[in-house]
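Visitor:
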Amino acid sequence: MPTERKVTDMTESGEKPSGRPGFFAVLFSTFTTVFLAELGDKTQLATLLLSAQSGSPGLVFLGAALALICSSLVGVLVGQWLAKTLPPERLEFMAGVLMVCLGLWLGLQASRSLIVIGSQA
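Positions in the sequence shown are counted from 1; adding 257 to them yields this note's numbering.
1. Considering only residues of the same chain and omitting the five flanking positions on each side of ALA321, which have a CB-CB separation below 7 angstroms?
2. I'd like to check one pair, VAL317 with LEU307: are the Cβ atoms closer than 8 angstroms?
3. Where does PRO345 sit, in a helix, a strand or coil, going by DSSP?
4. Where do the N-terminal and C-terminal ends of the alpha helix (DSSP H) with SER311 fall, by residue?
5. Mapping the DSSP letters down to three states, classify VAL264 as helix, strand or coil.
6. Measure the CB-CB distance between LEU339 and LEU348 and report whether it falls below 8 angstroms.
7. Buried or exposed for ILE374, going by 16 or more other Cβ atoms inside 10 Å?
8. What does PRO417 pair with, by DSSP beta-bridge criteria?
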């Protein structure tokens, strides 16, 4: 009697048939995004300094890890609420507008810094 192969609930791209990404796709994407965003930012530098000054790197790690968990929880809860409140298209549009505004603001800040530096030379 031939054995039947069980059909998986994932497509080749790691997505479920519903179009939503699978467990490992979401986990990997989230880890990669947060890990890369945190490398070299002011939080990591502050943690580095706290660890050097306190002489208790284990406690600094624990405090920093708990803080990241709590701030991530706030982001997840707000994101969940927004996903229930707004249609996906509007949420994507608002995120895009926010990113463009943030980019323009950062560009303006950088240009002001260059003007100040240039006038001091």
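We put the CB at the ideal spot given by N, CA and C, even for glycine. No experiment lies behind these values; they were computed from the predicted model shown.
Guide: In terms of the structure at hand:
1. So the list reads THR304, once near-sequence residues are dropped.
2. Going by C-beta atoms, LEU307 is nearer than 8 angstroms to VAL317.
3. Three-state result, PRO345: helix.
4. Run containing SER311: 299 to 311, per the alpha helix (DSSP H) assignment.
5. Note on VAL264: pLDDT 47, under 50, position unreliable in the model; the coordinate value appears next. In this structure, VAL264 counts as coil in the three-state DSSP scheme.
6. Going by C-beta atoms, LEU339 is nearer than 8 angstroms to LEU348.
7. Counting Cβ neighbours within 10 Å, ILE374 comes out exposed, since fewer than 16 surround it.
8. This structure gives no information on residue 417, because the portion of the chain shown stretches from 258 to 378.
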